[in-house]
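In terms of the numbering used here, the sequence shown opens at residue 56 and continues consecutively.
Even for Gly, the Cβ is constructed at its ideal location relative to N, Cα and C.
Input: a single structure, listed below in structure tokens.
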Amino acid sequence: MKFYVRTYGCQMNVADSNEMGRHLKANGLAETQDPDEASVMLVNTCTVRQHAEDRAFSEIGRLKRWKAKLPGRKVVVTGCAAERTKEYLEDRFPFVDLVVGAKSIEDFGQLAQRLIDRRETDEELDYAIPSTDDKVAEFVTIMRGCNYSCTYCIVPYVRGREIYHSMDQILGDVCDRVREGAREITLLGQTVNSYRHGQYRFADLLQAVAAVDGVERVRFISPHPYYMTDRVIETMASEPRICESLHLPVQSGSNTMLKAMARNYTREQYVKLAGKMREAMPGMTLSTDIIVGFPGETEEDFQQTLSMIEELQFDWAFIFKYSTRQGTPAANLECFPQALIEARHQRCLEVVDRIAFEKRSKLVGTCHDVLIEENNFARTRSNYKVHIHGDVAPGEEIRVRITNAQRATLEGEIQNGDITSENFPHQDHRRVPRA
Ligand code: 5AD
Ligand code: SF4
């Protein structure tokens with residue numbers, strides 16, 4: 056018996072899908088990349104913007120025919136949209152066998168066991184090989200939920216308040232992933248750096264994860280600027296295994312908007328923070344999320360966002376069109392016409408793309424240590440994806456020289472030897488052998 060997973064939304068959902076996949080594998084199912092040979096279809100949904108929810112719902116609608124093609128097929132719908140619209144989903148798609156909301160992901164193991172009719176599949180179970188993940192770069196969830204209430208955001212409603220995994224559980228998960236072949240660990244949480252457990256804070260966790268045998272690289276997403284403390288920055292700067300790259304959502308460059316969004320920092324504080332981090336980690340990449348067209352955003356507010364992008368020179372950024380989420384505080388505010396939101400989105404993208412491309416172009420000729428994730432694809436410590444020409448095995452760390460910068464990817468050639476000719480101005484010199 057095989058299962059197929061379709062994931063919508065953020066990295067948290069990808070990690071949840073992996074976790075649910077592990078439960079299904081523990082029950083003797085094998086993962087497939089082909090929906091036609093699957094008996095269980097798992098759709099992990101997102102509701103952060105209306106568009107994401109609509110896409111998941113039309114996918115679920117199409118599964119009625121998929122399910123009817125073979126007896127015994129099951130459809131499982133999970134995640135944030137499932138949490139938000141459980142009753143609606145069950146009414147509109149009565150053929151769905153199981154709905155598990157984002158708050159109940161940790162119960163998925165038990166629920167899945169009940170779903171899979173063992174009598175029907177015992178024979179197959181004997182032959183199913185419980186496979187494990189073998190990815191080089193893996194995610195480990197350290198906390199769930201969010202204690203913030205940014206006025207546009209549905210996440211606190213569908214994922215609930217923060218709960219933190221213990222250090223022991225997290226380190227155990229890290230060891231499991233390393234045993235399965237992972238070399239790079241990305242710690243995950245909605246406001247990942249607000250982590251606390253007993254006397255431990257996020258910086259302690261970072262240090263502990265970086266010290267796990269076999270871990271070569273550590274990253275984390277998504278941090279909140281408020282918890283980007285000096286201690287976290289110092290830990291990032293001094294621990295060679297933590298990558299010098301950060302995705303730090305800013306949302307807007309206007310203090311009026313930041314206040315209306317209840318983000319808990321000002322533009323000036325964010326700019327200062329970015330400066331502090333870049334000073335501590337020369338050559339780090341900084342990326343961000345931005346929302347355009349939030350209710351009440353004037354042309355002047357929008358200009359402030361554009362000027363902030365210019366000022367901070369983000370290495371890349373995701374620009375989102377504001378989407379009203381029912382039940383959030385901002386849903387009571389008057390929304391702009393879609394055409395205005397579209398126009399600002401386009402203008403913002405142009406600035407972001409131009410700067411991102413300028414930055415990428417400057418990398419041509421420079422050398423980097425990259426970790427091979429899959430055949431011919433590698434990642435720099437600064438989190439650029441590089442296409443490599445040559446024969447390389449996943450999990451290997453090699454040195455490459457960037458030969459070409461495209462809009463979406465960099466290309467690199469394997470570099471052997473002559474490091475004196477390397478001209479990357481921000482080369483990381485901190486890699487030291489483990490004591
Ligand atoms: N509309 C548009 N973008 C949103 N985001 C979160 N909620 C909304 C919304 N209602 C964006 C934020 C966040 C990212 C994951 O999604 O920029 O950082
Ligand atoms: Fe949403 Fe704000 Fe929490 Fe991020 S910090 S998940 S944007 S409420």
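- Using a cutoff of 7 Å, the CB of D344 counts as near the ligand 5AD, since one of the ligand's heavy atoms is closer than that.
- Assignment of T321 by DSSP, reduced to helix, strand and coil, places it in the coil class.
- Secondary structure of H400 (DSSP, three-state): helix.
- Between V155 and F148 the beta-carbon gap is near 14 Å, outside 8 Å, which marks them as no contact.
- As the crow flies, the alpha-carbon of A398 is around 26 Å from that of Y63.
- Of the candidates I276, I457, S72, the residue whose Cα lies closest to the Cα of G420 is I457.
- Taking the Cβ of T133 as the reference point, every heavy atom of the ligand SF4 lies at 7 Å or farther away.
- For C230, the enclosing alpha helix (DSSP H) begins and ends at 222 to 234.
- Note that the C-beta distance between M336 and M291 is below 8 Å.
- Cβ-Cβ separation between N310 and H279: approximately 17 Å, too far for a contact (criterion under 8 Å).
- For the options F150, R454, A167, the alpha carbon positioned closest to that of G83 is the one of A167.
- A385 sits buried, since 16 or more C-beta atoms from the chains shown fall within 10 Å of its C-beta.
- Counting only residues of its own chain and dropping the five nearest sequence neighbours on each side, A107 has a CB closer than 7 Å to the CB of Y63, G64, C101.
- The secondary-structure analysis by DSSP pairs I197 with nothing; it has no beta-bridge partner.
- For M312, the enclosing alpha helix (DSSP H) has its first and last residue at 310 to 315.
- The Cβ-Cβ distance between K376 and I396 falls below 8 Å.
- Rounded to whole angstroms, the gap between the alpha carbons of T379 and S204 is 15 Å.
- For F375, the distance from the CB to the nearest heavy atom of the ligand 5AD is below 7 Å.
- Classified as exposed, H444 has fewer than 16 neighbouring CB atoms from the shown chains inside 10 Å of its CB.
- Across the set G236, T246, L226, R436, the C-alpha of T246 shows the shortest separation from the C-alpha of G215.
- Judged by DSSP secondary structure, C422 falls outside any alpha helix (DSSP H) and instead within the beta strand (DSSP E) spanning 422 to 429.
- In the DSSP assignment, I469 forms a beta bridge with V455.
- Under the criterion of beta carbons closer than 8 Å, A237 and V273 do not qualify as touching, at roughly 11 Å.
- Around the Cβ of P126, a 10 Å sphere holds fewer than 16 other Cβ atoms; the residue is exposed.
- No Cβ-Cβ contact shorter than 8 Å links V287 with L242.
- With 16 or more other Cβ atoms inside 10 Å of its own Cβ, R296 counts as buried.
- Listed in chain order, the beta strand (DSSP E) runs fully inside the stretch 202 to 287 are 239 to 243, 272 to 276, counting runs of at least 3 residues.
- Contact between the stretch 402 to 410 and the stretch 252 to 272 is absent, with fewer than three C-beta pairs closer than 8 Å.
- Boundaries of the alpha helix (DSSP H) around D356: 354 to 367.
- Linking R436 to E74 through their CA atoms gives a straight-line distance of about 26 Å.
- The Cβ atoms of F150 and V131 do not sit closer than 8 Å to each other.
- Around the C-beta of E389, fewer than 16 other C-beta atoms lie within 10 Å, and the residue is accordingly described as exposed.
- With respect to K440, L418 sits apart: the two C-beta atoms are not nearer than 8 Å.
- Of the candidates I225, D231, R234, R232, the residue whose Cα lies closest to the Cα of L261 is I225.
- I171 is the residue among A433, I171, E235 whose C-alpha sits nearest the C-alpha of R128.
- F58 carries a strand assignment under DSSP once its states are collapsed to helix, strand and coil.
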